[in-house]
Amino acid sequence: MLVVAEGNGSYGSSSRMSNNINLNKNPDSSISISKMDLIIPFSPDVPCDNNGQRMWWAFLASSMVTFFGGLFIILLWRTLKYLWTVCCHCNIKHKEAQKVNNPMNSQADGPPKNPNDKDDAPASEVGWMTSVKDWAGVMISAQTLTGRVLVVLVFALSIGALGIYFIDSSDPIESCQNFYKDFTLQIDMAFNVFFLLYFGLRFIAANDKLWFWLEVNSVVDFFTVPPVFVSVYLNRSWLGLRFLRALRLIQFSEILQFLNILKTSNSIKLVNLCSIFISTWLTAAGFIHLVENSGDPWENFQNSQPLSYWECVYLLMVTMSTVGYGDVYARTTLGRLFMVFFILGGLAMFASYVPEIIELIGNRKKYGGSYSAVNGRKHIVVCGHITLESVSNFLKDFLHKDRDDVNVEIVFLHNISPNLELEALFKRHFTQVEFYQGSVLNPHDLARVKIESADACLILANKYCADPDAEDASNIMRVISIKNYHPKIRIITQMLQYHNKAHLLNIPSWNWKEGDDAICLAELKAGFIAQSCLAQGLSTMLANLFSMRSYIKIEEDTWQKYYLEGVANEMYTEYLSSAFVGLSFPTVCELCYVKLKLLLIAVEYKSEQRESRSRKRILINPGNHVKMQEGTLGFFIASDAKEVKRAFFYCKACHDDITDPKRIKKCGCKRIEDEHPSTLSPKKKQRNGGMRNSPNCSPKMMRHDPLLIPGNEQIENMDANVKRYDSTGMFHWCPSKDIEKVILTRSEASMTVLSGHVVVCIFGDVTSALVGLRNLVMPLRASNFHYHELKPIVFVGSLDYLRREWETLHNFPKVSILPGTPLSRADLRAVNINLCDMCVILSANQNNIDDASLQDKECILATLNIKSMQFDDSIGVLQANSQGFTPPGMDRSSPDNSPVHGLVRQASITTGSNIPIITELAKPGKLLPLVSFSQEKNSGTNIQMITELVNDSNVQFLDQDDDDDPDTELYLTQPFACGTAFAISVLDSLMSATYFNDNILTLIRTLVTGGATPELEGLLAEENALRGGYSTPQTLANRDRCRVAQLALYDGPFADLGDGGCYGDLFCKALKTYNMLCFGIYRLRDAHLSSSSQCTKRYVITNPPYEFELVPTDLIFCLMQFDHNAGQSRASLSHSSHSSHSSSKKSSSVHSIPATNRQNRSSKAREARDKQNATRMNRMGPEKRWFTDEAENAYPRNIQIKPMSTHMANQVNQYKSTSSLIPPIREVEDEC
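Read in order, the letters of the sequence shown are residues 1 to 1232 in the UniProt record's numbering.
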């Protein structure tokens, strides 16, 4: 039976309450209740008050008694303690006064006691209390694992108690409940027992009990824990003040910090603001829910209204926001009074907290998440200089379609959020690219991008920065941070300055054997330019080989058609099939080219010597002494990675009679490869370190024995008292020279008829960043050139700048300096720029200008200045003679004057834009064209030069007669295709190429640096200079390595193939006969035209097909073997070594003449040349001394030079094509 009240008041909003309460008066009720009595719903099943009278005061009284009772006890204890302290203090002072007045009595009573001394019993009691207090403090302070678990558990149970309140809020405010049958009451009772125990710990650990009693958490416990025990005793439940548990949410940020979830200040602040706002909101809603559903006590609770808890939450929100729709409002006086005060504080909190919360959320990093690794897919981390240009260039090459196994996800990490253009680029590649904002210097950010599971980390450098050293220092710090976080990660970093590479060696975990690589842009840029000095166009060919470029088909018969066919070739690696085992390198190379349509240029060699067993070497065109063994890694030039698979699948039994290379696929024969652990693709094997330590994965190489050097060169080279090479034997060396000894004045340079030299025009001053000229000189001073083959180098530029570079150049021979400016035509004429083999134009001031279009202004102006220069006609004839034209009276049958000996011009067999002259003169009846061509030679447009550019778009200004679109990519422009322009941006592709195959970088460095080794880098890191070494068999053996040259077809042993022959026939003949490996053509731009053209521009064709038709004017890129017999004896290389510089153009093609005839002819030629040199010396008289390395023979400044007649000069120049009246440098060194 239910007892109900008279009136319209209701006590809840739930369906259960609406079913249990009858709002109408029941006159038949057996229980008569007065109007002012308070009733609650009850049931006979629950032992509760049969009258249904409210007892909310009992629940509230339990909380009040607990709070005020405890507060009274604390205050009473403090009062008593204070009184006791005061009394004890007064007593002590009284005793001290008595002792002062009666000192004899005090001595009789015994020794005086220290007032601070205490009895033993209290001392032991205080120690016990202190230990308990410390233990309780540790338990609640989260300093230990147990304490953290306890704190987190208390918070979780508080939220659980709040959840029970939310459930019970749908019931009446007060109702009869049986503790043994009500499950929620039992759970709430268990929670509060735990809270009571935790309250006791907090009370024991508190230093100030009074402040502890007034804390928010203590107040929450006072008004939530005691009412639960009253509920069990009275068998009734009162919702009461249980909503105060929402105040525990304020500690939410502390809990997250304990769990190490919140680490940043912004996140902590955001959680704090949100927790305070939400806890205040929920607590205020609970109070409104209590008073509105109960009514005012002085109104006998008759003015209550049924509101659910969530309606009260809604009411508080519209109140705080000052919206106030009016659909829900407070009716009770208590509720309205509370709203008056709450709207003041709530509005202030809403107006301050909400905007700050929105600001923190808005300022939250858009790219601040963490990378989620995908199973079965690798990922790399790219950091450093992240811009639209650097990222687009990197992605274009890394994600190129020619790579057949790019199953790698790219994760970019940068501390600055991307702009709209870069963000759009990331979205276009969203399936393979992700961006995260952060710094690699922060371990937290490294953990976000999962650096420990990354396959590699690539660091990009800002190539256009004003301070290269600072940029390198930043990248080195990135390497240190990454290696410190994960020492085993593979790092590929870009470095701007060569000398900064030494700092990487100081990092303990840096290990190039495990794949760590530093791509030095200055070193490679200078190396590419230096190789162009030896074979013009090689820089373009190499840049195209390691860059991924798509094939662009052109139907028209233009030079772009053949150039783009070569551009589609790239460098690949693949393990050779067992069918090649036992064959020599030239045999395998010919078989791959003819049968498989692949160009094999090098193999990987691992030394079998015990002391260097872990060192790998790459042998480029090694020769017949290298025999292939199982697992030999080959380096191929091909247009697609799938084509290179033919070398791995080739089987002599199955594929010997196949003519179509596309049909060469994996056969069913029982092959060793099937059991060999090289079934992965070559790039994967390189990335995974496959076969790195396999002893059988390298070819067997016959050791080079210096005792087998033909002739007497070995005896001469073994002179232990003379140092001619550096300690590694890789470069020519001379004792350090003072810069004053190599400086030429303009008048001295004018009297020095320079020819066949390299002119380096350098822009820079005392404040410019160093470009690293040593990296340019080292390839030109490689030891695989004989001394007389070295091209003299003349630097034209600011002496202040060159003094800063001289410290790294003073150990190289044949180097001189002309102080001046490359924009001065007088300086350029003084160094005979029209007779040079190559003119290099560099600038050290490029990165000091903000406007990208003006960064190359100096180089462009110098280039246009040289091209507009005009020279005398006689000089053109002299240059024609230097290129191979034999003047009247000279014996062409002599080996020194033979066109075959003229095959090689110093390091190259022939080069330059003057080949049309050579071609016409080499054929009978072609003398008339000499006049027109020699007249054209008067123009500076025919001077071979290479210009360094920073901004790719500036290439359009180098050639005024080309038709390149300004928006054309660099590799499609005519200056780049001709090898006359080089931009550092082409080196960006090396990052991707090195990641997919770490051997590619080693091959490129071997080709362009002249033989730089890790040992040499370590030496330069220690001393910053080359160190001379004695000629030992070990160092001399290092000379026996391949070099790049250019083979002319106008005359010589290949003249029969030059007119309409096939490139494949030339390839096979050169390989079989001379061990020369051909890999490209340097062709005149208009050679495809039927009409004769006077244009001397050439372009590069990489790896032409077998049937490619040759023309007589073609120059062939080839890899030549070192020739031990090409050196001259010491007797002929005294002072005449410079004056007979023309021999440098004749010495390297010794393969075309038998050794016996060559020796006889060379001896006769030397005698004739010595006589000519003596005649010249007599003509010059004592007025002029020759430059030597010795200080006492240095050029005197006070010498009067008699002028020479024009007729005499022309006569002398006519009969010595590349000799000079006065040596171009201040030393004469013997050649070994």
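Cβ atoms here follow ideal geometry from the backbone N, Cα and C, with glycine treated the same way.
query, result
"Give me the Cβ distance between F435 and Y367, rounded to the nearest whole Å; I'm assuming they're in contact under 8 angstroms.", "5 angstroms"
"Who are the Cβ neighbours of Y1063 in its own chain at under 8 angstroms, not counting the five residues just before and after it?", "C1078, I1081, P1104, P1105, Y1106, E1107, F1108, E1109 and L1110"
"Taking 9 angstroms as the cut-off, decide whether the C-beta atoms of F649 and K627 are in contact.", "no"
"Could you check where the beta strand (DSSP E) with R1043 kicks off and where it finishes?", "R1043 to A1048"
"Please return the same chain residues whose Cβ sits closer than 7 angstroms to the Cβ of L425, not counting the five positions on each side in sequence.", "L388, V391 and S392"
"What is the residue span of the alpha helix (DSSP H) that H655 lies within?", "K652 to H655"
"Can you check whether the CB of T1096 is closer than 9 angstroms to the CB of N544?", "no"
"May I have the straight-line CA-CA distance separating A749 from I743, to the nearest angstrom?", "9 angstroms"
"Three-state secondary structure (DSSP) at E1183?", "Note that E1183 scores a pLDDT of 35, beneath 50, so its modelled location is shaky; the value from the coordinates is reported in the next line. Correct three-state label for E1183: helix."
"If you draw a straight line from the C-alpha of E1183 to the C-alpha of N811, how long is it?", "For E1183, the predicted model reports a pLDDT of 35, less than 50, meaning its position is unreliable; a value from the coordinates is still stated below. So the two alpha carbons sit approximately 30 angstroms from each other."
"Excluding the 5 residues preceding and the 5 following V291 in the sequence, name in chain order all residues of the same chain whose CB lies nearer than 6 angstroms to its CB.", "T332, L334 and G335"
"Cα separation between P297 and A284?", "20 angstroms"
"Looking only at DSSP bridge pairs, what is E434 linked to?", "V411"
"Just the C-alpha distance for S14 and F252, rounded to the nearest angstrom, thanks.", "Confidence at S14 is low in this model, with a pLDDT of 39, below 50, so the placement of that residue is unreliable and no value is reported for it."
"Tell me, which residues are paired with F229 by DSSP?", "None, per the DSSP bridge assignment."
"Less than 8 angstroms between the CB atoms is what I'm expecting for Y575 and G515, so what's the real figure, rounded?", "The pair is not a contact, with the Cβ atoms about 18 angstroms apart (cut-off 8 angstroms)."
"Since I believe M945 is in contact with I841 (beta carbons under 8 angstroms), could you give me their beta-carbon distance rounded to a whole number of angstroms?", "6 angstroms"
"Would you say I159 and L249 are within 9 angstroms of each other, going by their C-beta atoms?", "yes"
"Given a cut-off of 9 angstroms, decide if F585 and L619 are closer than it, judged by their beta-carbon atoms.", "yes"
"Any idea which residues DSSP pairs F763 with across the strands?", "S843"
"How is the beta strand (DSSP E) around Y309 delimited, first residue to last?", "Here Y309 belongs to no beta strand (DSSP E); instead the alpha helix (DSSP H) covers Y309 to M320."
"Based on the DSSP output, what are the partners of Y1082 in its beta bridges?", "V1100 and L1115"
"Whole angstroms is fine: what's the gap from I658's alpha carbon to A993's?", "32 angstroms"
"Given a threshold of 16 other Cβ atoms within 10 Å of its Cβ, counted over all protein chains shown, does M477 qualify as buried or as exposed?", "exposed"
"DSSP on E556, reduced to helix/strand/coil?", "coil"
"CA-CA distance, L776 and A782?", "11 angstroms"
"Touching or not, the region 1110 to 1119 and the region 1052 to 1061, by the rule of three or more beta carbon pairs under 8 angstroms?", "yes"
"Please report the straight-line C-alpha distance between I451 and A977, rounded to a whole angstrom.", "40 angstroms"
"Can you give the Cα-Cα distance for I943 and D557, rounded to whole angstroms?", "28 angstroms"
"So L505 and G1018 are in contact, right, with Cβ under 8 angstroms, and what is the actual spacing, rounded?", "7 angstroms"
"Go through its chain and collect everything with a Cβ distance to residue 1308's Cβ below 6 angstroms, but skip five positions before and after it.", "Shown here, the chain extends from 1 to 1232; a query on residue 1308 therefore has no answer."
"Relative to the C-alpha of A1012, which residue among D959, G362, D1123 and R774 is closest?", "R774"
"Is it right to say A907 is buried, meaning 16 or more other beta carbons lie within 10 angstroms of its own, or is it exposed?", "Residue placement at A907 is flagged as unreliable, the pLDDT there being 36, under the threshold of 50; a coordinate-derived value is accordingly withheld."
"Specify, as a first and last residue, the run of the beta strand (DSSP E) that K378 falls within.", "K378 to G384"
"By DSSP's criteria, D517 is part of a beta bridge. Which residues make up the other side?", "I492"
"If we ignore side chains and look at the alpha-carbon of each, how far apart do A526 and T947 end up?", "12 angstroms"
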